[in-house]
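Residue numbers (UniProt numbering): 1 to 444.
See structure below.
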């Protein structure tokens, strides 16, 4: 039997709430424009450069600085931000977007200043972008920009192993610091106290968020200790891990996930997200892990019992009971995890008003794990049905072949390519976006 902490059961259709997060962050960034207009600082126009280019350069620098500072804030895994954005996946995607915007605007800042020499000496314009200036505060800006751009290249263009990328990502803060000195030492906006206060608040928020996430997170963030009590390798790729709480058990909603850190010498000190598939009466929990990358492959090969684990969470807004009663669940491979969590909860708390068709997509039949859970739920709930779609037996699942789904809520969890393909198919079928539910942690 299973026990979950349920905090809401609203099912009068899809709950569509206004999410203030994106609006708030856009407002904070764009606030720099009216504040800059109040100062409209004087500038020295050299080599017939139009003032427009200088003013544009200043605006780009301020927008880039604002985006960059808020990027650190968005990386903190704050429950407050998760609520404001409607899920940690949306916070992370906005974090990725702000990082791109920061890099773009910060690059445009010196480029527009270098335009003064384009018509006369292209090489001089190129050298202007390097830290070869007479004034130290300008060189600090150049060093900051170069470091930021290199690290962003390793984030968005050149893919490196996760553990090395994580270290490089933490280094962004070190290049934020010289950028701060570049902004404040020039005194360009000394005549505009409102803008200086705004920039000071952004600086404080960015620096504190970076210090918190990069240095103090593991010390300050409250985590829960568990111990691996059972490891079952279900097949050559998938394993089920059972964990027992060392003190008070975590409370969570069905379908939510935690960041798990396995504390063993042979496992890298990284945290990875896994959905909790079950919670027993004795508070033990279970997760399923598929061997996909270096880390999960190592877990599948080497993980044994009695390994301490730290849990950070819970996170996630992927839950069936915030939608209508008529639903379609589509799982791909290990994407069955949240649906398994929901099924385990429904076994303990049946909902006879809920109508569900679950399509479990796998490449080969042996990959379809935990079928007994869904079959047991079929016997307990008259309107719950599960169908295994085997690619090697029947071909790929065609969502366009589903009939009568116009007014149903559709939940999708699986590989990124599968999810994107299904979402496009549903949009072509004119299924309203409010009826399509998924969490998107695919950042490629």
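Yeah, the Cβ is synthetic: ideal placement off N, Cα and C, and Gly gets one too.
Here the structure is a predicted model, which is why all the values come from computation and not from measurement.
Note: residue 307 is not bridge-paired with any residue in the DSSP secondary-structure output. Cβ-Cβ separation between residue 373 and residue 348: approximately 12 Å, too far for a contact (criterion under 8 Å). For residue 239, the closest alpha carbon among the candidates 28, 274, 223, 269 is that of 274. The three-state reading of DSSP puts residue 242 in strand, counting E and B together. Rounded to whole angstroms, the separation of the alpha carbons of residue 120 and residue 92 is 44 Å.
Collapsing the DSSP output to three states places residue 230 in a strand. Around residue 270, the same chain offers 162, 163, 166, 261, 295 as residues with beta carbons nearer than 8 Å, after the five sequence neighbours per side are excluded.
Listed as beta-bridge partners of residue 332 by DSSP are 361. CA-to-CA, the gap between residue 397 and residue 387 works out to about 11 Å.
It is roughly 36 Å from the alpha-carbon of residue 435 to the alpha-carbon of residue 300.
For the set 237, 279, 302, 282, the Cα lying nearest the Cα of residue 263 is the one of 302.
Annotation note: the region 380-434 contains the following uninterrupted alpha helix (DSSP H) runs of length 4 or greater, listed N- to C-terminal: 391-394, 416-428. Counting only residues of its own chain and dropping the five nearest sequence neighbours on each side, residue 266 has a CB closer than 8 Å to the CB of 298, 302. When beta bridges are read from the DSSP output, residue 272 appears opposite 260.
Residue 159 and residue 171 have their C-alpha atoms spaced approximately 16 Å apart.
Setting aside the 5 residues that flank it on each side, residue 314 is surrounded in the same chain by 252, 256, 258, each with a C-beta closer than 6 Å to its C-beta; the list follows chain order. Our two residues, residue 337 and residue 391, have alpha carbons roughly 19 Å apart in a direct line. Residue 205 and residue 69 have their alpha carbons spaced roughly 7 Å apart. Sequence-distant partners of residue 235 (beyond 5 residues in either direction) whose C-beta falls short of 8 Å from its own C-beta, in its chain, are 366, 367, 369.
When the alpha-carbon of residue 52 is set against those of 66, 64, 37, 65, the nearest one is in 37. Classified as buried, residue 357 has 16 or more neighbouring CB atoms from the shown chains inside 10 Å of its CB.
Below 8 Å, too few C-beta pairs join the region 319-327 and the region 283-292 to call them touching: fewer than three.
Rounded to the nearest whole angstrom, the C-alpha separation of residue 210 and residue 156 is 20 Å. The way I'd put it, the region 98-108 does touch the region 52-68; three or more beta-carbon pairs between them come closer than 8 Å. Restricting attention to 137, 95, 190, 341, the CA atom closest to the CA of residue 152 is found in 95. Taking residue 245 as the centre and dropping the five residues before and after it, the same chain places the C-beta of 226, 283 closer than 6 Å to its C-beta, in chain order. By alpha-carbon distance to residue 79, the top candidate from 381, 312, 359, 380 is 312. Between the C-alpha atoms of residue 408 and residue 355 there is a straight-line separation of about 10 Å.
As far as DSSP is concerned, residue 83 takes part in no beta bridge. With contacts defined as CB atoms closer than 8 Å, residue 425 and residue 399 qualify as a contacting pair. In the DSSP assignment, residue 177 falls outside any beta strand (DSSP E) and lies within the alpha helix (DSSP H) extending over 172-185. Annotation for residue 183: 65, 199 place their beta carbon closer than 7 Å to its own, counting only its chain and skipping 5 residues before and after. By the C-beta density criterion, residue 135 is exposed, having fewer than 16 other C-beta atoms within 10 angstroms. Residue 75 carries a coil assignment under DSSP once its states are collapsed to helix, strand and coil. When the beta-carbon positions are compared, residue 285 and residue 412 stay at least 8 Å from each other.
The three-state secondary structure of residue 209, taken from DSSP, is helix.
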